[in-house]
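Working notes, beginning with the structure itself.
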Amino acid sequence: MNNKYFLTKIDLQFFASKKGVGSTKNGRDSHAKRLGAKKADGQMIRTGQIIYRQRGTRVYPGVNVGLGSDDTLFALSDGLVKYQKFGPKQGKTRVSVVKHKLDA
């Protein structure tokens, strides 16, 4: 056998010749969290109903208002919702539930 004909040609391809399809940098968004006031000032509310949904303590709980683990404010008794400003320069907001008798 001749050595010059013994070597065979090997054709290997290590890289793709065309770019893969389906890559994009857009098209992602998160769902709305529906945060904010659920009851306005002066509205009637029942025990356990949500008054304000928030991230962090933007609005502080007052009388007859509880604070949930996710900072949600909820009513501890039936009554009317009352928002009030407090603190230096009236820069913070507190929400309370004032007991109210219904005229039957």
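Sequential numbering of the sequence shown, starting at 0, is according to numbering that gives the first Met the number 0.
Note that beta-carbon positions come from the ideal geometry of N, C-alpha and C, so glycine has one too.
Computed from a prediction, not measured in an experiment: that's the story for all the values here.
Roughly how far, in whole angstroms, is the beta-carbon of residue i from the beta-carbon of residue j, given that I think they are within contact range, below 8 Å?
i: residue 95; j: residue 62; result: 4 Å
i: residue 79; j: residue 99; result: 5 Å
i: residue 70; j: residue 56; result: 6 Å
i: residue 74; j: residue 47; result: 6 Å
Indicate, with yes or no, if the ligand NAP has a heavy atom lying under 6 Å from the CB of residue i.
i: residue 23; result: The ligand NAP is absent from the structure shown, which contains no ligands of any kind.
CA-CA distance, residue i and residue j?
i: residue 85; j: residue 31; result: 30 Å
i: residue 67; j: residue 92; result: 17 Å
i: residue 52; j: residue 20; result: 42 Å
Over the uninterrupted beta strand (DSSP E) stretch that includes residue i, give me the two end residues.
i: residue 92; result: 91-97
i: residue 60; result: 58-60
i: residue 73; result: 72-74
i: residue 81; result: 78-85
i: residue 9; result: Premise fails: residue 9 is in no beta strand (DSSP E) and is neither H nor E.
i: residue 64; result: 64-66
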